[in-house]
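Student: Position in the sequence shown counted from 1, then plus 3, gives you UniProt numbering.
Next up is a structure, given as structure tokens.
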Amino acid sequence: LNFRAVQFLTSAPTLAECPEDSGAEVAFAGRSNAGKSSAINALTGNSKLARTSKTPGRTQLINFFRVGDTQRLVDLPGYGYAKVARAMKDEWQRHLAFYLEQRHCLRGLVLLMDIRQPLKEFDIHMLTWAVQSGLPVHILLTKADKLKRGPANNTLFAVEKALKAQGLDNGVTVQTFSSTKKTGLDKLELKLSEWLAV
Ligand code: GDP
């Protein structure tokens with residue numbers, strides 16, 4: 004798969020408006036500011052692709068990108084803006100849960116966490132759900148360039164240990180990642196190619 008040739012396909016406010024549920028998809032999720040847009044941009048080499056509106060209160064959309072003939076990357080709306088009203092968070096969670104539960108072509112979830120703030124409530128929630136559903140998860144510890152190599156690797160090991168301790172390690176892999184330094188890109192591409200293989 005050539006991730007440099009990824010193209011924007013469509014945006015869907017609800018599951019009903021998503022592309023046909025066929026082929027294979029990998030979804031990207033994370034708290035707002037985790038570095039999801041930057042990671043998608045680094046992966047695709049296209050800085051305009053994931054320029055989703057960051058304005059809280061705007062309609063949250065699920066964005067679809069075409070990778071191969073039948074394969075897609077899916078940018079799920081960010082989560083965690085304190086300013087977003089409770090009602091909107093609930094609405095967002097409903098759409099997200101619906102997508103994750105109903106989407107047959109979903110092969111895996113890339114969960115992004117800032118390496119300086121891993122395993123927040125949202126992350127644990129997503130992991131718990133995915134592990135229970137048998138959906139593979141690949142965790143990106145983002146902005147790894149903010150830490151020196153030693154502390155970054157220590158965080159990686161600590162996250163792996165914490166997942167194991169909580170019984171959340173089944174089908175879950177973890178790596179460090181930096182969009183600015185482009186480190187970990189090869190590892191991410193390998194995982195995506197594995198999941199999206201037809
Ligand atoms: P999103 O809300 O998850 O899409 O996060 P963004 O991709 O917009 O990134 C949030 C902030 O973190 C921005 O200010 C980015 O410039 C910064 N950021 C994202 N990735 C990296 C990275 O790999 N290294 C560093 N140092 N900063 C990053």
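C-beta: ideal position from N, C-alpha, C; glycine also.
Please determine, among T145, M129, A37 and K51, the residue with the shortest C-alpha to C-alpha distance to K185.
Tutor: Here residue 185 is taken as the residue at index 182 of the sequence shown, counted from 1. For the residues T145, M129, A37 and K51, the minimum Cα distance to K185 belongs to T145.
Student: Pull up the distance between the alpha-carbon of G137 and that of E124, whole angstroms please.
Tutor: What you label residue 137 is simply residue 134 of the sequence shown in a count that begins at 1. What you label residue 124 is simply residue 121 of the sequence shown in a count that begins at 1. In a straight line, the C-alpha of G137 is about 20 Å away from that of E124.
Student: Does the ligand GDP have even one heavy atom less than 6 Å from the beta-carbon of residue 204?
Tutor: Nothing can be reported for residue 204: it is not among the residues displayed for the chain, which extend from 4 to 201.
Student: Enumerate in chain order the residues of its own chain whose CB-to-CB distance from V70 is below 7 Å, with the five nearest sequence positions on each side excluded.
Tutor: As a working note, residue 70 is residue 67 in the sequence shown. Contacts found: L4, F6, V9, L76 and L199.
Student: Pairs of beta-carbons, one from the segment 139 to 153 and one from the segment 103 to 118, closer than 8 Å: are there three or more?
Tutor: Judged by Cβ distances under 8 Å, the segment 139 to 153 makes contact with the segment 103 to 118, as three or more pairs qualify.
Student: V175 and V140 look like a contact to me (Cβ under 8 Å); what is the Cβ gap, rounded to whole Å?
Tutor: Taking the sequence shown and counting its residues from 1, the one referred to as residue 175 is at position 172. Taking the sequence shown and counting its residues from 1, the one referred to as residue 140 is at position 137. Indeed, because the Cβ distance is near 5 Å, the residues count as touching under 8 Å.
Student: Considering only residues of the same chain and omitting the five flanking positions on each side of L188, which have a CB-CB separation below 7 Å?
Tutor: On the sequence shown, residue 188 is found 185 positions in, with the first residue counted as 1. Excluding positions up to five away in sequence, the list reads A45 and L46.
Student: On the CB-based measure, 16 or more other CB atoms within 10 Å of its CB, does R110 come out buried or exposed?
Tutor: Walking along the sequence shown from the start, residue 110 turns up at place 107. The residue is buried, with at least 16 neighbouring Cβ atoms inside 10 Å.
Student: Quick one: is the Cβ of D24 within less than 6 Å of any heavy atom of the ligand ADP?
Tutor: Although the ligand ADP was asked about, the structure shown includes only the ligand GDP as ligands.
Student: Mind checking whether the beta-carbon of K149 lies closer than 6 Å to any heavy atom of the ligand GDP?
Tutor: Stepping through the sequence shown from its first residue, residue 149 is reached at position 146. Under cutoff, so the answer is yes.
Student: What span of residues does the alpha helix (DSSP H) with I142 cover, start to end?
Tutor: Here residue 142 is taken as the residue at index 139 of the sequence shown, counted from 1. Counting along the chain, I142 falls outside any alpha helix (DSSP H), though it belongs to the beta strand (DSSP E) covering V140 to T145.
Student: Identify every residue that forms a DSSP beta bridge with V29.
Tutor: In the sequence shown, the residue the question calls residue 29 occupies position 26. Beta-bridge pairing links V29 to L76 and G111.
Student: Relative to the ligand GDP, is the shortest distance from any of its heavy atoms to the C-beta of A200 smaller than 6 Å?
Tutor: Taking the sequence shown and counting its residues from 1, one reaches residue 200 at position 197. Incorrect: A200 has no Cβ contact closer than 6 Å to the ligand GDP.
Student: How big is the Cα-Cα spacing for T179 and R106?
Tutor: In the sequence shown, residue 179 corresponds to position 176, counting from 1. In the sequence shown, residue 106 corresponds to position 103, counting from 1. Going by the C-alpha atoms only, they are around 28 Å apart.
Student: Going by beta carbon distance, what residues of the same chain come within less than 7 Å of A85, once the five residues before and after it are set aside?
Tutor: Walking along the sequence shown from the start, residue 85 turns up at place 82. Reliability of the predicted coordinates at A85 is poor, the pLDDT of 47 falling under 50, and the value obtained from them is presented with this limitation in mind. Excluding residues within five positions, none has a Cβ falling inside 7 Å.
Student: Using C-beta distances below 6 Å, list every residue in its chain close to N173, excluding the 5 sequence neighbours before and after it, in chain order.
Tutor: Indexing the sequence shown from 1 puts residue 173 at position 170. Closer than 6 Å at Cβ, skipping near neighbours: V134.
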